[in-house]
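Order-wise, the sequence lines are chains A and B. Per my numbering, residue 2 is the first one in the first sequence, and the count goes up by one each step. Per my numbering, residue 1064 is the first one in the second sequence, and the count goes up by one each step. Cβ coordinates follow ideal geometry from the N, Cα and C atoms, glycine included. This structure is a prediction, so every number in the text was calculated from the model and none was measured.
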Amino acid sequence: MGLLESLRISGSALTAQRLRLDVIASNLANLETTRTPEGGPYRRQKVVFAPWVPPGAGGVGVQVPAVLSEGRFRRVYDPEHPDADPDGFVTMPDINLVTEVTDLLSAVRAYEANVAALNALRQMAQRALDLGR
Amino acid sequence: MEIQGISATPWAARLSGVSQAPEASGDFGKLFTDLLAKLSALQADADRLAAGLAAGEAVDIHEVMLALERASLGLQLALQVRNKVVEAYQEIMRMPI
């Protein structure tokens, strides 16, 4: 059933984009998190995509082999902050709100595009079944 | 041009080909059983995922929809194959002998 296996190509992309959305949501939630169990401020997470060949399908899907943590921080002057250093600076995660929201939109659009591809594949399968009628 | 006699036609050889028909139908029966088993597996998969989603397990909605879609397409394919088989059977039964 090659056609049914091909559903996995777009399916893997949907899974990948959803994971990307999770990561963006984490970044947005921890925009100003200065304490983590590992010590230091929260580190911005970033997904990495890699090709993945589903068994039996003709194309190449996608998978997320790793979610990387960035090592950059930004320093904000805020002497009132409990985690401020003696000079009055606080080390914050290097997360840009605009970049994250742009990524968010990109993830949503990519998800929609893959749903469109899935629907096209399903319609082709149904047209193929109409051959016998 | 030399005209061959009727007796020269290898009827026996052709008839021996006909006698293999029951084996062929057995193969089709196996094929159809395999198809039904696959269909059953697809349905069970979809059921399991849908139940998992309803129970609040960490299942992606699109995974459930994809499984349902696979099950639905598989069912439609099996239906079409069955229709064709029944059609062929009826066609043969209508054949005047």
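- Around A/A30, no beta-carbon contact reaches into chain B at under 7 Å, the shortest distance being about 18 Å.
- Linking B/D1090 to B/L1102 through their CA atoms gives a straight-line distance of about 18 Å.
- Per DSSP, reduced to three states, the secondary structure at A/Y78 is strand.
- Here DSSP, grouped into helix, strand and coil, assigns A/A67 to strand.
- By the neighbour-count definition (other C-beta atoms within 10 Å, threshold 16), A/P94 is a buried residue.
- Here the alpha carbon of A/E81 sits roughly 40 Å from the alpha carbon of A/V65.
- The straight-line gap separating the alpha-carbon atoms of A/E6 and A/L29 is approximately 35 Å.
- A/A51 carries a strand assignment under DSSP once its states are collapsed to helix, strand and coil.
- Here the alpha carbon of A/P56 sits roughly 10 Å from the alpha carbon of A/I10.
- Closest by C-alpha distance to B/R1145, out of A/T34, A/S13 and A/L130, is A/L130.
- Residue pairing from DSSP places A/Q46 in a beta bridge opposite A/S70.
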